[in-house]
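Asks:
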Amino acid sequence: MKASLRLLVLVATTVLVADQVTKYLAVSRLTDALDGREGLSRVTGYFTEQNLDNDPVTEGNTRRVTRPHRFIEDYWHFRYVENPGAAWGLFADLPESVRRAFFHVVSLAALGFIFFMYRRTEADQRLVRVALALISGGALGNFMDRLVRGYVIDFIDWHWRNQPGMRWPTFNVADAAICVGVAFMLLDSLKVRRPETVPAPLKESPNP
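In terms of the numbering used here, the sequence shown is residues 437 to 644.
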């Protein structure tokens with residue numbers, strides 16, 4: 437495997453694993469879905485237990501989401517959220533069959549485009565390659581959620597003292613990797629690239 441592709445695989449796989457492990461911890465610590473399970477059964481439950489934040493009034497189920505964990509009081513909490521839409525809940529109101537097909541097609545098209553762009557980068561565009569690898573890892577993490585469950589697990593809740601309008605939409609590690617990747621792309625676009633100077637041809641000295 438070429439060194440450039442090794443970078444893509446390494447970074448994307450690291451992001452994917454980190455994303456799924458943290459989502460497993462969110463299900464394990466912020467819901468009661470895995471209570472009483474041990475070992476491999478807990479991992480299996482992570483993939484099979486779904487719709488953990490159903491409203492008990494409308495769905496007839498017992499709410500399985502526990503209280504959020506206050507990591508930094510008034511600023512940073514961990515709370516379990518299921519997002520069937522895109523960022524900020526976009527397209528969440530689409531019928532489930534349409535929504536699943538839509539996001540599957542969009543995710544696969546995005547991954548294909550990212551890989552195409554990665555193959556076109558030059559060896560000196562290391563920041564761009566890292567950025568595209570981060571974005572692809574994040575896209576894979578959320579795509580796996582949609583493929584298995586039909587929604588994305590979010591759990592990182594940033595806000596400012598619970599003030600209205602001062603709360604960032606709940607997100608996850610995959611979303612964070614995508615944002616960092618986009619930031620790296622913007623930083624690279626702001627770099628001043630000096631034009632390559634072509635050495636002037638040597639003039640032949642006149643014969644004595």
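Even for Gly, the Cβ is constructed at its ideal location relative to N, Cα and C.
On the CB-based measure, 16 or more other CB atoms within 10 Å of its CB, does P520 come out buried or exposed?
Replies: One-based indexing of the sequence shown puts residue 520 at position 84. Buried: at least 16 other Cβ atoms inside 10 Å.
Asks: For Q486, does the count of other Cβ atoms within 10 angstroms reach 16, so buried, or fall short, so exposed?
Replies: Taking the sequence shown and counting its residues from 1, the one referred to as residue 486 is at position 50. Counting Cβ neighbours within 10 Å, Q486 comes out exposed, since fewer than 16 surround it.
Asks: Excluding the 5 residues flanking H505 on each side, which residues of the same chain have their C-beta closer than 6 Å to its C-beta?
Replies: Taking the sequence shown and counting its residues from 1, one reaches residue 505 at position 69. These residues qualify, in order along the chain: F514.
Asks: Buried or exposed, going by whether 16 or more other CB atoms sit within 10 Å of the CB of S477?
Replies: Residue mapping note: residue 477 aligns to position 41 of the sequence shown, counting from 1. Classification of S477: exposed, given that the 10 Å Cβ count is below 16.
Asks: Inspect the CB distances between the stretch 568 to 581 and the stretch 440 to 455 and report whether three or more fall short of 8 Å.
Replies: yes
Asks: Which residues in the same chain as Y460 place their Cβ atom closer than 6 Å to its Cβ, once the five residues preceding and following it in sequence are excluded?
Replies: Residue 460 sits at position 24 when you count from the first residue of the sequence shown. These residues qualify, in order along the chain: Y482.
Asks: From E518, F591, R565 and F538, pick the residue whose C-alpha is nearest to that of L444; which is it?
Replies: Sequence index remark: in the sequence shown, residue 444 carries index 8 (1-based). Residue R565 is the option with its Cα nearest to L444.
Asks: How about D560 and E518: do their beta carbons lie closer than 7 Å?
Replies: One-based indexing of the sequence shown puts residue 560 at position 124. One-based indexing of the sequence shown puts residue 518 at position 82. Going by C-beta atoms, D560 is not nearer than 7 Å to E518.
Asks: Where does S440 sit, in a helix, a strand or coil, going by DSSP?
Replies: As a first step, residue 440 is located in the sequence shown; it is residue number 4 there, counting from the start. In the three-state scheme derived from DSSP, where H, G and I count as helix and E and B as strand, S440 is classed as helix.
Asks: Cα separation between W646 and R503?
Replies: This structure cannot settle anything about residue 646, because the visible part of the chain is limited to 437 through 644.
Asks: Which term fits I614, buried or exposed, when burial requires 16 or more other beta carbons within 10 angstroms of its beta carbon?
Replies: Position 178 of the sequence shown, counting from 1, holds the residue named residue 614. By the 10 Å Cβ count, I614 comes out buried.
Asks: Return the CA-CA distance between I550 and L623, expressed in angstroms with no decimal places.
Replies: Here residue 550 refers to the residue found at position 114 when the sequence shown is read from its first residue. Here residue 623 refers to the residue found at position 187 when the sequence shown is read from its first residue. If you take the alpha carbons of I550 and L623, they lie about 18 Å apart.
Asks: Which class does N578 belong to by DSSP, given the choice of helix, strand or coil?
Replies: In the sequence shown, residue 578 corresponds to position 142, counting from 1. Helix.
Asks: Considering only residues of the same chain and omitting the five flanking positions on each side of M602, which have a CB-CB separation below 8 Å?
Replies: Mapped onto the sequence shown, residue 602 falls at position 166. Excluding residues within five positions, the ones whose Cβ falls inside 8 Å are H595 and W596.
Asks: Any idea which residues DSSP pairs I589 with across the strands?
Replies: For the purposes of this step, residue 589 is taken as residue 153 along the sequence shown, with counting starting at 1. Answer is E518.
Asks: Using the beta-carbon count (16 or more within 10 Å), is L446 buried or exposed?
Replies: Counting from one through the sequence shown, the residue named residue 446 turns up at place 10. With fewer than 16 other beta carbons inside 10 angstroms of its own, L446 counts as exposed.
Asks: Taking only three categories from DSSP, how would you classify T557?
Replies: Taking the first residue of the sequence shown as position 1, residue 557 is located at position 121. Coil.
Asks: Which term fits G548, buried or exposed, when burial requires 16 or more other beta carbons within 10 angstroms of its beta carbon?
Replies: Counting from 1 along the sequence shown, the entry for residue 548 is found at position 112. Exposed, since its Cβ has fewer than 16 Cβ neighbours within 10 Å.
Asks: By how many angstroms is the C-alpha of K438 removed from the C-alpha of R535?
Replies: Along the sequence shown, one-based indexing puts residue 535 at 99. Along the sequence shown, one-based indexing puts residue 438 at 2. So the alpha carbons of these two residues sit roughly 37 Å apart.
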